[in-house]
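Colleague: Here it is, the structure, as structure tokens.
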Amino acid sequence: MKRIPPALLAVSFALLLLVPVLSVSAYDPVPGQELFPRLQSPRFITTGAAVTGGSDAANPASSALQQRIHLQAGYTGIVGDGSWEGHAASAGVVVPTRAGVFGGSLGFAGVGYDALNLGTRGTLNLHAAKDLYPNWLVGFGLTGTLTDQAGVTPFSGGANLGVIHLLGPVSFMPDLRIGLALRQLGNGPPAPFTPAVDVQARLLETTEVTLDFGTGFHAPSFQNLVWRVGTSATFFDRVTIHAGWHVNLREQLEQSVPAGSLLPAVG
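Okay, here's the thing in structure tokens:
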């Protein structure tokens, strides 16, 4: 019988302890607040913030296998009513060392829609990751966000925990992995104490094209459920096309909440 890694047990135990505490707290985000983290990366807008790898903002364990210094940057423009209504940009770096993989990123986002009332936000992410066990990646991160909203500048932040299990080839799938994360163990928006789980499978892998499919969900503050499904196709290891779809349970059940998560996204 295989032994369960202590890192996975620690994250699972933390989830069990937090559920009864958070169930008594109110959760009433402003319209659009749950969508704001997706502006951290153009990829998040399509496939969402999946925790199976690819973004340390979603799961701090994502960079555990990096062997070279990695730089990344992204920009998102929001257009509405014939004019620019918002901008978002991010930049980050990952540096592998003998002790582990360390990195950080800066993000900025501002949305001008009055109905959303999101204001302008700057975010700093710091993270560390390591492959502690065969096929098990673990990570720890810290996040801080400063918001300028209606003349008020609140600060929010917290810790992030993440685990990724690499199952390797399974049946007809060249690669299968499972990710688990517990994000924003702290205070403030967008949603403190948010667990997330994803499964990703590679359905096709050739020298010309690879095709991945993933699905999962996250539960903001344990009081909502957002399900996502996404796929990505990479051609000649250079060009990648992403497509995704989200369903926000709170948007569908409460008529007073604007619903927009059923719209598919391609990018």
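Start counting the sequence shown at 111; every next residue gets the next number (the numbering used here). Glycine residues also receive a C-beta, built at the ideal position from the N, C-alpha and C atoms.
#1: Please state the DSSP three-state secondary structure of residue 362.
#2: Hey, which unbroken runs of the beta strand (DSSP E) at 3 residues or more fall wholly within the stretch 293 to 356?
#3: Judging by CA-CA distance, which residue of 282, 299, 216, 215 is the nearest neighbour of residue 229?
#4: Quick check on DSSP: helix, strand or coil for residue 150?
#5: Write down every uninterrupted run of the beta strand (DSSP E) in the stretch 166 to 244 whose length is 3 residues or greater and which is fully enclosed by it, in chain order.
#6: Hey, is the stretch 239 to 246 in contact with the stretch 256 to 264, meaning 3+ C-beta pairs nearer than 8 Å?
#7: Nearest to residue 311 by CA position, among 336, 343, 292, is which residue?
#8: So is residue 277 buried or exposed if we call it buried at 16+ other beta carbons inside 10 Å?
#9: Taking 6 Å as the limit between beta carbons, can you name the residues of its chain near residue 301, skipping five residues before and five after?
#10: Go through its chain and collect everything with a Cβ distance to residue 198's Cβ below 6 Å, but skip five positions before and after it.
#11: Give the DSSP-derived three-state secondary structure of residue 264 in the structure shown.
#12: Please report how far the alpha carbon of residue 357 lies from the alpha carbon of residue 239, in whole angstroms.
#13: Classify residue 318: buried if its beta carbon has 16 or more other beta carbons within 10 angstroms, exposed otherwise.
#14: So is residue 134 buried or exposed if we call it buried at 16+ other beta carbons inside 10 Å?
#15: Any idea which residues DSSP pairs residue 160 with across the strands?
#16: With a threshold of 6 Å on Cβ separation, who are the neighbours of residue 169 within its own chain once the five nearest residues in sequence on each side are excluded?
#17: As a quick exercise: from 184, 215, 222, 361, pick the residue whose alpha carbon is nearest that of residue 195.
#18: State the Cα-Cα distance for the pair residue 346 and residue 321, rounded to the nearest angstrom.
#19: Just confirm the distance between the C-beta atoms of residue 401 and residue 200, as a whole number of angstroms; I'd bet it's less than 8 Å.
#20: Give the DSSP-derived three-state secondary structure of residue 282 in the structure shown.
#21: Short check: CB of residue 354 to CB of residue 336, under 8 Å?
#22: Once the 5 residues before and after residue 392 are set aside, which same chain residues still bring their CB inside 7 Å of it?
#23: Can you have a look at residue 261 and say buried or exposed, based on whether 16 or more other CB atoms are within 10 angstroms of its CB?
#24: Drop a sphere of 10 angstroms on the beta-carbon of residue 270, count the other beta-carbons inside from all chains shown, and report buried for 16 or more, exposed for fewer.
#25: CB residue 293 to CB residue 274, shorter than 8 Å?
#26: Sort 159, 188, 171, 206 by Cα distance to residue 181 and report the nearest one.
#27: Distance, Cα to Cα, residue 204 vs residue 163?
Modeller: Short version:
#1: helix
#2: 304 to 315, 319 to 328, 336 to 345
#3: 299
#4: helix
#5: 180 to 190, 193 to 206, 211 to 221, 229 to 243, all fully within the stretch 166 to 244.
#6: no
#7: 343
#8: exposed
#9: 330, 331
#10: 149, 186, 219
#11: coil
#12: 30 Å
#13: Exposed: under 16 other Cβ atoms inside 10 Å.
#14: Its pLDDT being 42, under 50, residue 134 is placed unreliably by the model, and nothing is read from it.
#15: Partner(s): none; residue 160 has no beta bridge.
#16: 161, 272, 289, 291
#17: 222
#18: 12 Å
#19: Any question about residue 401 goes unanswered here, given that the chain covers just 111 to 377.
#20: coil
#21: no
#22: Because the chain spans 111 through 377 in this model, residue 392 falls outside it and cannot be assessed.
#23: exposed
#24: buried
#25: no
#26: 206
#27: 14 Å
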